[in-house]
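Residue numbering for the sequence shown follows the working numbering, beginning at 83 and increasing consecutively.
Shown next, in structure tokens, is the structure this report addresses.
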Amino acid sequence: MKEKIHPEYHTVIAKCACGAEFEIGSTKKSVRVDICSNCHPLFTGKQKLIDSEGRVDKFKKKYASKPISPKKKKVRAAKKEKAKKTT
């Protein structure tokens, strides 16, 4: 067996977005989670939404419509013309 190939495993504090902290073992130096057993609806019985990083905003920003380049406009127009000719 090879020696010294495994990462260091130590005790760290895991922090949840709701403010709860847990002591866990990990190879990372710090752990941050979005949801834990203290705030998860399955365990609490309450419906609560935590949007810690603005997931909806990130999605909208990622898939926002960008201006179409002139080259792509020509390609789309050519496809439409071809479709009209075949129908």
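Virtual Cβ for every residue (Gly too), placed ideally from N, Cα, C.
Note that the coordinates shown come from a computational prediction; the quantities given were computed from them, not determined experimentally.
With contacts defined as CB atoms closer than 7 Å, residue 98 and residue 115 qualify as a contacting pair. Under the three-state reduction of DSSP output, residue 97 falls in the strand class. For residue 163, the enclosing alpha helix (DSSP H) begins and ends at 152–168.
With a beta-carbon spacing of about 6 Å, residue 93 and residue 105 fall inside the 8 Å limit used to define contacts. In this structure, the alpha-carbon of residue 138 lies about 11 Å from that of residue 145. Going by beta carbons, residue 120 and residue 102 fall inside the 7 Å limit. Take the alpha-carbon of residue 109 and the one of residue 151: they are about 46 Å apart.
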